[in-house]
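**Q** First the structure, then my questions, so here it is.
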Amino acid sequence: MSTAIRQSLGILSISLIPAIALAGDLTGISTERTADGSVQVHLKLSEPLATSPDNFQIDNPARVAVDLPGVNNQTGERQQKIDLGPVKSLMMAEAGDRTRVVFNLTQSTPYAINPQGNEVTITFKPAAIRNTTASGVAISTGSNPSTAMDRGQMIDFRRAADGAGRLLIKTSGPNTPMKMRREGSNIIIDLPNTRVDAGRFNVRDFATPVENVDVRPMGNGSRIILQTRNAGEHMAYQTDNRLVVEVKAIPRTQGAQNVGEKKYTGERLTLKFQDIAIRPLLQLIADFTGNNIVVSDDVKGSISLRLENVPWDQALDLILTTKGLSMRKNGNVIYVAPTADIVARDKAELEARQQSQQLAPLVTDIVQINYARAADIDKLLESTSKVKGGAEKGSDTSQRFLTDRGNITVDARSNSLIITDTATALDRIRDLIKKIDKPVKQVLIETRIVIATDNFARQLGVRWGVTGTGTGQGNTYLASGNANATDQMLSNVAAGAAPGIPSLGNRFNFNTPISGTPTGGLGLAILGSNVLLDLELSALQSEGSGEIVSSPKVITTNGHTAMIKQGSEIPYQSTTSTGGGAVNTVQFKEAVLQTEVTPQITPNNNIIMDIKVKKDEPDYTNLLPGTTNPPITTREVTTKVEVKNGETVVLGGIYEFQNTNSLNKVPFFGDLPGIGNLFKDRENNNKRFELLIFVTPKIIDSNGIAAAND
């Protein structure tokens, strides 16, 4: 603020003090309802107010407050019940050099304040009619004309392409005075001589920083309050009879910026002008930035604007766009002209460059390709030099490297390109090759396949038998483990010999031994005169564990697929019947350990891998019946994963656990308490299988050493 302005404000403040002191007293209050349904409250004063009363409105609860400067409350009351229309009651309170009158409302209602003579009239109007369109929120003004002030024709709210909220106020002239300030999250626009019908409008659906537009009367003008959320910069400018207030969102991070969204980086400035000519305004910006500016003779007109704390390049862009102008910058020189003239000039320059290319002499050069394949570079240059969209040759060279007269020949023996073209085109091609002909990073991928097994088995078995002979009443009695034993004893008796003792395997009445070879046992035999008792206890416990680690490694360049496998091919014989007889054929099936991977190195040196790991092996313990062909056990994982350089990740795993308990027993006897164990055979098996697949990628540096992340 300049010194002159500060001095003027100081004089104004001093001159108001005696006026406020002479304002007088509030002596009475009356109310009435008018023919149009409005409610009027008349505040009677002993003397006229020196200044217009301040006022504000809140929505929850609905209230309107009016401050009467320099007025004392002499009504003898602090509150008064009204119950007329939307006005329920009012309260009065003295504070310092003013009296505040607060109206309690049933709902937020448009209102107007009219101080005339010794009376201040507050009119509470019916709600204004809202006309909502797809483009915005439009509010029509009243129909009573006024020659003392500028009547606003319409306000409209729109969403800009960059997500900013724009409030457009149509005025009757280009020089509408306004004041704009920010209070907390609200942006307040005061229009001292422009009246817009009061109303409150919800604009959240537009997805801008502005949530509500609140229009209130203020003396002979209006106050517009923009209630915002996450609001950043705000600015106001006027072109002709349209006043624009723009509120931008808080800038996002650079990574979140929309593609194509313009970014302004200039030093910030503030511009507040009413009806200033364009040419001196452009010169002012040039002086601020230190740039030179050249303005076309066709640049004319004036503009009213209010920009606070915005980048200078954004302010310049806004001014040019508003007046239909464009610019071109070369070094520190800015050329400004109407957009049509700029377009025509650019077109003429493009045509001149194309003609220059057609007349430029051709040059031949040999470009050595060091790391890439010359044929691949040739394909790239040829593809980017094709005329796109069916346009005529020479019509567009901005995306081309070779001109229409250029030619490339590949020398595969020396891995070089023989290029014939203009000197300018050759320079472009050399720059491109210098950027893309670089060593390709390599990746070492180490895979570890771990197979762990754990087995446990325990068996307990018993077998026993009774063999005996006896005679009585002329009979001979024989008993043993089975019919074979008694038959053997009977044969001896029939031959006139003693019965004898049958073989061991035939003497067991109850035979429940273990299935394998016992690792421990106890045999017991008791022989009497005519009776033999056999008893055998057997036990077996086995434990086993194993671990198989397979670790294939492979190196490949970035973006190329590599595969390594090791194993065997198993022959399978099949027989096919034909008209001439049976034909035997042999087919081979792979049982291999294989790793197939395609790495992609990211800019932050992480590695994305498309990887397939497989481990197949023949199972000779389970041959196919009647053949020597084993089934093939397959373990495979296929996935895509991102890993930091040098870190190990588990691609996947399989865990199997098998617990088997079996019991063999003699019916009835095996269920007897205690002695039932003599008629049982128990077996317990536990098997555990675990498969884990690890992978560790490492980027290979120029020395061939895997360089891990710090």
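Mapped onto UniProt numbering, the consecutive letters of the sequence shown carry residue numbers 1 to 710. Positions of the beta carbon are idealized from the N, C-alpha and C atoms, including for glycine.
Checking 8 Å against the spacing of the C-beta atoms, do Ser612 and Val443 come in under that value?
**A** It should be noted that the sequence gives Lys, not Ser, for residue 612. Cβ atoms of Lys612 and Val443: not closer than 8 Å.
**Q** Quick check on Val196: does DSSP put it in helix, strand or coil?
**A** coil
**Q** Quick one: what does DSSP say Glu656 is sitting in, helix, strand or coil?
**A** Correct three-state label for Glu656: strand.
**Q** In this structure, how does DSSP classify Gln355 when only helix, strand and coil are distinguished?
**A** Note: Gln355 maps to helix in three-state DSSP.
**Q** Leaving aside the five residues before and after Leu524 along the sequence, list all residues of the same chain whose C-beta is less than 6 Å from its C-beta, in chain order.
**A** Leu535
**Q** Within its chain, find whatever has a CB closer than 8 Å to the CB of Arg200; leave out the 5 residues flanking it on each side and keep chain order.
**A** Asp59, Ser108, Asn212, Val213, Asp214 and Val215
**Q** Give the secondary structure of Tyr477 by DSSP, where H, G and I count as helix, E and B as strand, and everything else as coil.
**A** strand
**Q** Thinking C-alpha only, which one of Ser52, Pro86 and Arg98 is nearest Ser74?
**A** Correcting the residue type first, residue 74 is Gln in the shown sequence and not Ser. Of the listed residues, the one whose Cα sits closest to Gln74 is Arg98.
**Q** Find out if the Cβ-Cβ distance for the pair Ser414, Asp341 is shorter than 8 Å.
**A** no
**Q** Which of the three DSSP states is assigned to Val203 in this structure?
**A** coil
**Q** Tell me which same chain residues have a C-beta within less than 8 Å of the C-beta of Lys640, skipping the five on either side of it?
**A** Ile608, Met609, Asp610 and Ile611
**Q** Comparing the C-beta of Asp67 with each C-beta of chain D, is any distance below 8 Å?
**A** This model lacks chain D altogether; it includes just one protein chain.
**Q** Can you give the Cα-Cα distance for Phe456 and Leu478, rounded to whole angstroms?
**A** Using only the alpha carbons, I get a separation of about 44 Å.
**Q** Could you work out which residue in Val87, Glu77, Gly528 and Gly70 is closest to Gly37 when comparing CA atoms only?
**A** Val87
**Q** Bridge partners for Gln80 per DSSP, in chain order?
**A** DSSP lists Leu90 as the bridge partner or partners of Gln80.
**Q** Would you tell me roughly how many angstroms separate the C-alpha atoms of Asn476 and Leu540, rounded to the nearest one?
**A** Correcting the residue identity first, residue 476 is Thr in this sequence and not Asn. Approximately 41 Å, taken between the alpha carbons.
**Q** Which residues mark the beginning and the end of the beta strand (DSSP E) in which Asn584 is found?
**A** Gly581 to Ile601
**Q** Taking the beta carbon of Ser13 as the centre, do at least 16 other beta carbons fall within 10 Å, making it buried, or is it exposed?
**A** Bear in mind that a pLDDT of 30 at Ser13, under 50, signals an unreliable position, so the number given afterwards is only what the model happens to contain. Exposed: under 16 other Cβ atoms inside 10 Å.
**Q** Measuring alpha carbon to alpha carbon, tell me which of Gly301, Thr447 and Lys329 ends up nearest Lys323.
**A** Comparing alpha-carbon positions, the option among Gly301, Thr447 and Lys329 lying closest to Lys323 turns out to be Gly301.
**Q** Quick one: any contact between the region 666 to 680 and the region 443 to 453, if contact means 3 or more CB pairs under 8 Å?
**A** no
**Q** What does the alpha-carbon distance come out to for the pair Pro552 and Ala452?
**A** Pro552 and Ala452 have their alpha carbons spaced roughly 18 Å apart.
**Q** Which residue's Cα is closest to the Cα of Phe401: Asp411, Ile377, Val410 and Ser416?
**A** Ile377
**Q** Quick one, which of Tyr371, Ile334 and Val64 has its alpha-carbon nearest Ala286's?
**A** When each option's Cα is compared against that of Ala286, the closest is Ile334.
**Q** Using alpha carbons as the reference points, say which of Val343, Gly173, Asn509 and Ile224 lies closest to Ala198.
**A** Shortest Cα-Cα distance from Ala198 to any of Val343, Gly173, Asn509 and Ile224 involves Ile224.
**Q** Please name the residue or residues paired with Asn511 in a DSSP beta bridge.
**A** Beta-bridge pairing links Asn511 to Arg463.
**Q** Once you ignore the five residues that flank Thr31 on each side, which residues in its own chain have a CB closer than 6 Å to its CB?
**A** Val41, Ile82 and Leu84
**Q** My output table needs one value for Leu167: the three-state DSSP class, helix, strand or coil.
**A** strand
**Q** Give the DSSP-derived three-state secondary structure of Ser8 in the structure shown.
**A** Model confidence at Ser8 stands at a pLDDT of 30, short of 50, so the residue's coordinates are unreliable; what they give is reported in the following sentence. Three-state DSSP puts Ser8 in a helix.
**Q** Check this for me: beta carbons of Arg635 and Lys615, under 8 Å apart or not?
**A** yes
**Q** Could you give the first and the last residue of the continuous beta strand (DSSP E) run that contains Met178?
**A** It is not in any beta strand (DSSP E) - Met178 carries neither H nor E in the DSSP assignment.
**Q** Alpha carbon to alpha carbon, what distance is there between Glu382 and Thr422?
**A** 16 Å
**Q** I'd like the list of long-range same chain contacts for Phe288, defined as Cβ closer than 8 Å, with 5 residues on each side in sequence excluded.
**A** Glu267, Leu269 and Trp312
**Q** Could you tell me the alpha carbon to alpha carbon distance between Asn104 and Pro115, rounded to whole angstroms?
**A** 21 Å
**Q** Judging by CA-CA distance, which residue of Ile293, Gly221, Asn202 and Arg306 is the nearest neighbour of Ala236?
**A** Arg306
**Q** Looking only at its own chain, which residues have a Cβ that is under 7 Å from the Cβ of Ser52, when we skip the five neighbours before and after it?
**A** Pro115 and Gly219
**Q** When we look at the beta-carbon of Thr208 and count the other beta-carbons within 10 Å, is it buried (16 or more) or exposed?
**A** Buried, because 16 or more other Cβ atoms sit within 10 Å of the Cβ of Thr208.
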